[in-house]
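In what follows, a single structure is set out as structure tokens and then discussed.
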Amino acid sequence: MQSINADIAIVGAGGAGLRTAIEAAQSNPDFTVALISKVYPMRSHTVAAEGGSAAVWQASDSFDLHFNDTVAGGDWLCEQDVVEYFVQHCPREMIQLEEWGCPWSRKSDGSINVRNFGGMKVARTWFAADKSGFHMLHTLFQTCLKYPQIKRFDEYFVLDLLVEDGRARGVVALNMMEGELVQIRANAVVFATGGAARVYRYNTNASIVSGEGMGIAFRKGVALRDMEFVQYHPTGLPGSGILITEASRGEGGVMLNKDGYRYLQDYGMGPETPLGQPKPKHMELGPRDKVSQAFWHEWRAGRTIPSPRGDVVHLDLRHLGKDRILERLPFIRELSMSYMGVDPIEAPIPVRPTAHYTMGGITTDACCETSIKGFFAVGECSSVGLHGANRLGSNSLAEIVVMGRLAGEKAAERAKEGGKVNDTALNALSSDVEKWFTGLQNQTGTESWAAIRDEMGLSMEEGCGIYRTEELMQKTIDTLAELKERVKRVNVADGSAVFNTNVLNLIEVMNGIEVAETMAHSAIKRRESRGAHQRLDEGCTERDDERFLKHSLAFYTPGGAPRIEYGAVKITKSQPAKRVYGAEGEAAKAEGKAEGKAGKSTAKKERGNG
Amino acid sequence: MADMNKMSLRVMRYNPERDDAPRMQGYDVPWDPSTSFLDALSYIKDTLDPSLSFRSSCRMAICGSCGVMINGVPKLACKTFLRDYPEGAAVEAMANFPVERDLVVDLTHFLEYIQTLKPYILGNQRRPEEGPNSQTPEQLAAFRKFSMCINCGLCYAACPQFGLNSGFLGPAALTLAQRYNLDSRDFGKAERMPHINKEKGGVWACTFVGYCSEVCPKHVDPASALQQCKVESALDFAAAVLNCTKKKEAGHGKQT
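Protein chains in written order, with this note's numbering: chain A, 1 to 610; chain B, 611 to 866.
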């Protein structure tokens, strides 16, 4: 097997991977940075983010306000020291992107414009029309071309992480075009492999968002943290799940049920705000978990609109007028017209909640390093502790650059330490990976990976959807266990070397099942409702800080179901309080009770038993 | 799916380890008015023939992965719908690129050309601590359209010049160069112009057929970017001649 030496190996070349690579390259001009991805960088899913990226900017805003919105939005399951670091570094990173050429939308005087987003008290979302992720990704990709020491391995599929004597030493990857395996050795490895919402049948994610990074880390013994928290975005297109940005609501779009009624006022986000005057943290600018949950209740009450691809509600933008839609939401119009045949200037867009984002992921410390020395994780694949039980829109684009920079810096420090590499051991590990891969290529049987993938997706929708019950979660757990057996009987029998996506799709599904298992097992053991994890079974419908103000940690058990343990939540200055929006939020603010201003005395210490 | 109609598609297949040349294979796929060609290819791979290879990612026309030829016209598979081809259609790999396998082509040249033209901010030393550059909506509008390229390569599949001369930097790469040349924050034009001016691969190889703009799925209009490049290049050339004359005159002056 060919062996290539680098100082730092980064897996995944979306926004987080690219930002990490640039930082690592800048930190030491003598470093070789291997940037490895199963797709060309600009195909990464960052490209599909639409709305924008959070950073305190206006005079009326403050780091404390961004902190409070994030921690309350995450239902107090955030690592508060990480949130603190994050909010303080967001503005610098948005400016850095600007200086690298990102075409942020501007005010007429040439200064940066910001827009409203759900769950954010003050407008602080930097945006580039409704293609913010696209522009960030291309800006980062183009900027990375400036650094000759960033060596790209485009269309290399990483099969495993090399860990020797408790330290990350590189990866084994498949050159997809040649069909050859290669060892890419490095003294620091950073996973920036994205999320795993493709384990759900209906989701906003690109087909590549299948969770291998999480799967590999998990099998190496790193815990996957808070995996039960999967965000449903309230506005996806029915059937395809294509994302219709929250910025549609930030700009003033409204949600209507079958009677044309703005139903969010009935779910703690009212009172109704005047049309065309969106108000932060009210109505359509509520947080995603609550807006998605409101859809579910409307559906159960028979007030949604039947469609051939499931029930929908209407997202109405018409009152914004043609000019504002064309200026601020041109891509939304294009998507709605192409994929639904609906021009939002003329008619409301049919939407429904679809799986969107994995709040949890590979457990890291506040500096993005995992429990394996020299092995880092950053971006959606990671759980650095920023999002808690529910992520606020526009915090994830900010995360990939703020934490990407930090990961690059820290990985560079680790790489510098170097240490002695055990050549024989690494070759033996790589040889094991090769045997396993060859075995898969030649696997015969009667099952199809595509059928298993679809069954997994439907089962996750049923058991780990917007609302969960013990019974349905158990059913999903049983299904996943069965699929894990069936996947061993998938017929591949395809030894072709060049661009053999048949075997790679199988590997994606195998990892997906393991990741889905961590979600389902973490979910069933969390006997409370918090953020995106909402239960309907008795005794579990409320948040229970006494027992569950703690992170779940899913550990790999060879051949079996994941073992669930718990870890403490770092609480620095915001004590858990009731999460309130709309008028209730205003009232609580007046009384100084909510949003972390006050808390029960019992909650003042770190909790958890891990 | 039961009441869905079926449509016959012919799809290009090529496995370099087995086939001497690409061949077409027929598949019947179910469809309704929302079915895209990417949906159809995924159906084939999922249920009829898992060995079919093609690239895809976002399925919403923003990642640029799934460029193919549909009835000989460069298209994004995810943004082209079976409903518009009632007679069926042929799906082939993008023209003008070497085929690696089935619908997967080799994009190496294209990516190298993008890099050659230095598509990043040059000559601006501003640091984050100093705050963002000012840029008015008008200054943004000057280059915004050209910043919308998703690097799908359809314009290369459409370009007759790239077909004849694979050394031509091509529509998307030159458009990106023009995007930065027009950006009020950039001062790197002088570094890009030698590549744009280059005799064989530069902008003058473009014969302004305009097909690139026709097939662009994001309405970036590379043809107009290349026309602008030509004007810049002509001015650059004129300035170079003028400078040269001046230098000669100055040099002459010194000698006397």
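Glycine residues also receive a C-beta, built at the ideal position from the N, C-alpha and C atoms.
Next on the checklist: Report the CB separation of B/Phe-572 from B/Asp-712 in whole angstroms; it is logged as a contact under 8 Å.
Outcome noted: Because residue 572 of chain B is not part of the residues shown, which for chain B are 611 to 866, the question remains open.
Checklist entry - Can a CB atom of chain A be found closer than 8 Å to the CB of B/Ala-671? => result yes
Item to check | Beta-ladder partner(s) of B/Pro-640, from DSSP | outcome: B/Lys-616
Checklist entry - Hey, A/Ile-202 and A/Thr-354 are a contact pair by Cβ (cut 8 Å); roughly how many whole angstroms apart? => result Residue identity differs from the one stated: residue 202 of chain A is Tyr in this sequence, not Ile. About 5 Å separates the two Cβ atoms, so the contact holds.
Checklist entry - So who's on the other strand from A/Asp-454, going by DSSP bridges? => result For A/Asp-454, which the question treats as bridged, DSSP gives no partner whatsoever.
Item to check | is_contact[B/Gly-811, chain A] using C-beta, thresh 8 Å | outcome: no
Next on the checklist: If you follow the alpha helix (DSSP H) that A/Val-625 is in, where does it begin and where does it stop?
Outcome noted: Since the first and last residues shown for chain A are 1 and 610, residue 625 of chain A lies out of range.
Checklist entry - Within 10 angstroms of its Cβ, does A/Val-158 collect 16 or more other Cβ (buried), or is it exposed? => result buried
Next on the checklist: The beta strand (DSSP E) that contains A/Ile-36, what's its start and end?
Outcome noted: 33 to 37
Next on the checklist: Could you check whether the Cβ of A/Glu-180 sits closer than 8 Å to any Cβ belonging to chain B?
Outcome noted: no
Checklist entry - Is there at least one Cβ from chain A nearer than 8 Å to B/Thr-657's Cβ? => result yes
Item to check | Per-residue burial, B/Cys-826 [other beta carbons within 10 Å of its own, 16 or more giving buried] | outcome: buried
Checklist entry - With a CB to CB cut of under 6 Å and the five nearest residues on each side skipped, what residues in its chain are close to B/Phe-753? => result Arg-789, Leu-792, Asp-793
Checklist entry - Going by the CB atoms, is the gap between B/Met-622 and B/Glu-702 shorter than 8 Å? => result yes
Checklist entry - Across which residues does DSSP place B/Met-758 in a beta bridge pair? => result B/Met-758 pairs with nothing; no bridge assigned.
Checklist entry - Are the beta-carbon atoms belonging to A/Glu-98 and B/Pro-729 less than 8 Å from one another? => result no
Checklist entry - Going along chain B in order, which residues have a C-beta closer than 9 Å to the C-beta of A/Leu-494? => result Per the sequence shown, the amino acid found at residue 494 of chain A is Asp instead of Leu. Neighbours of A/Asp-494 on chain B, chain order: Pro-660, Ser-661.
Next on the checklist: Within 8 Å of any Cβ in chain B, is that where the Cβ of A/Gly-260 sits?
Outcome noted: no
Checklist entry - In whole angstroms, what is the alpha-carbon distance linking A/Phe-229 and A/Gln-58? => result 31 Å
Next on the checklist: List, from N- to C-terminal side, the alpha helix (DSSP H) runs of 4 residues or more that fit wholly inside the segment 696 to 729 of chain B.
Outcome noted: 718 to 726
Next on the checklist: To the nearest angstrom, how far is the alpha carbon of A/Ala-6 from that of B/Asn-706?
Outcome noted: 34 Å
Item to check | Test: A/Leu-440 CB closer than 8 Å to a CB of chain B | outcome: no
Item to check | Under 8 Å between C-beta atoms of B/Pro-738 and A/Ile-95 | outcome: yes
Checklist entry - Around the Cβ of A/Lys-484, are there at least 16 other Cβ atoms within 10 angstroms (buried) or fewer (exposed)? => result buried
Item to check | Residues, ordered as in the chain, of the segment 754 to 782 of chain B that lie near chain A by beta-carbon distance below 9 Å | outcome: Arg-754, Ser-757, Met-758, Cys-759, Ile-760, Asn-761
Checklist entry - At which residue ranges does the segment 205 to 250 of chain A contain complete beta strand (DSSP E) runs of 3 or more residues, listed in the order of the chain? => result 230 to 236
Checklist entry - For A/Thr-20 versus A/Ala-516, is the C-beta distance shorter than 8 Å? => result no
Checklist entry - Using a Cβ-Cβ cut-off of 8 Å (strictly less than) and excluding sequence neighbours within five positions of B/Pro-632, which residues of its own chain qualify? => result Met-622, Arg-623, Tyr-624, Glu-702, Ala-703, Val-709
Next on the checklist: Please report the distance separating the alpha-carbon of B/Asp-846 from that of A/Arg-318.
Outcome noted: 48 Å
Next on the checklist: Cβ closer than 9 Å: which chain B residues qualify as neighbours of A/Asn-502?
Outcome noted: Lys-655, Pro-660, Ser-661, Leu-662, Ser-663
Checklist entry - For B/Gly-677, which residues from the same chain have a beta carbon less than 7 Å from its beta carbon, with the 5 sequence-adjacent residues on both sides left out? => result Pro-684, Leu-686, Met-704, Cys-762, Gly-763, Leu-764, Ala-767
Checklist entry - Going straight from the alpha carbon of A/Arg-300 to that of A/Asp-266, what length do you get? => result 14 Å
Checklist entry - In whole angstroms, what is the alpha-carbon distance linking A/Ser-27 and B/Gln-735? => result 18 Å
Item to check | Neighbour list for A/Ile-112 in chain B, Cβ cutoff strictly below 8 Å | outcome: Pro-742
Checklist entry - Relative to chain B, which residues along the segment 321 to 348 of chain A have a C-beta separation below 9 Å, given in chain order? => result Phe-331, Glu-334, Leu-335, Ser-338, Tyr-339, Met-340, Gly-341
Item to check | Collapsed DSSP secondary structure at A/Thr-557 in the structure displayed | outcome: coil
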